[in-house]
Amino acid sequence: LINIDERKMHDKNLQSLNAMIYRLTEEVNHHAVRDSLTNAYNRRYSLVILQNEFNRARMQNKPLSCIMLDISHLDFINNQYGYFMGNRILTESVKCIQKQIKSSNIISRFGDDEFLIILPEIDAKELQRLSGSLVNEIEKCVITDEEKNMQINFRVTVGHSAITPATKSITDLIEQANKALYAAKAV
Numbered sequence: 088l089i090n091i092d093e094r095k096m097h098d099k100n101l102q103s104l105n106a107m108i109y110r111l112t113e114e115v116n117h118h119a120v121r122d123s124l125t126n127a128y129n130r131r132y133s134l135v136i137l138q139n140e141f142n143r144a145r146m147q148n149k150p151l152s153c154i155m156l157d158i159s160h161l162d163f164i165n166n167q168y169g170y171f172m173g174n175r176i177l178t179e180s181v182k183c184i185q186k187q188i189k190s191s192n193i194i195s196r197f198g199d200d201e202f203l204i205i206l207p208e209i210d211a212k213e214l215q216r217l218s219g220s221l222v223n224e225i226e227k228c229v230i231t232d233e234e235k236n237m238q239i240n241f242r243v244t245v246g247h248s249a250i251t252p253a254t255k256s257i258t259d260l261i262e263q264a265n266k267a268l269y270a271a272k273a274v
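FYI, my numbering numbers position 159 of the sequence shown as 246, with every residue one higher than the one before it.
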């Protein structure tokens, strides 16, 4: 027979273990969907979100847009000032982007220096305005290295796309944004 004190101790230990399992599960889930450097969503998870939003937009006849954003010359910055500075630019860029977009919009790190921003219920007109605003605000961000007494300005390039009747899949939507990005880089 187990006495009442032993039972209480057993229940308390069980509650403590359950709380630890919950915290660890939350942490694992977080790391499964987030980029470890920037804390933006990762590419894999953003594709899941984009597919869900694409399906919803099609079913409800709602707009859906996306922006592909590239940090220009990040390799040069890494070589000139070091990877620590390049990483700071990546993390600060995400913070700047998050300040400019709605909480219902999704930002993900899509490549080394590329970010995909998913914009549910944003039409082509609003997309044009938002793209310009994002570029202006991000380029106002200045990264300061107080130890080396220097500031680094950086530029970004964006390409965007909005769902149209010709858009058959999320691949089409991303490719349209990517083509617009590379066209903008060529200018």
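Just so it is clear, CB atoms sit at the ideal spot from N, CA and C, and this is done for glycine as well.
Taking C-beta separations shorter than 6 Å and ignoring five residues to either side along the sequence, the partners of Q263 in its chain run S248, following chain order. The alpha carbon of S218 has as its nearest neighbour, out of V243, T112, T231, S195, the alpha carbon of V243.
Within the region 140 to 222, the complete alpha helix (DSSP H) segments of 4 residues or longer fall at 161 to 168, 170 to 187, listed in chain order. Pairing Q187 with E213 gives a Cβ-Cβ distance that is not under 8 Å.
Judged by beta-carbon spacing, M155 lies beyond the 8 Å limit of E208, meaning their Cβ atoms are not closer than that value. Counting C-beta pairs with one atom in each stretch, the region 101 to 121 and the region 224 to 234 have fewer than three that are closer than 8 Å, which means they do not touch. DSSP links N240 through a beta bridge to V229.
When only Cα atoms are considered, R175 and Y269 end up about 24 Å apart. Put simply, the backbone Cα of R145 is about 27 Å away from that of R121. Annotation for C183: E224, I225, C228 place their beta carbon closer than 7 Å to its own, counting only its chain and skipping 5 residues before and after. Spatial neighbours of E140 in its own chain (CB-CB distance under 7 Å, excluding positions within 5 residues in sequence) are listed in chain order as L151, I205, P207.
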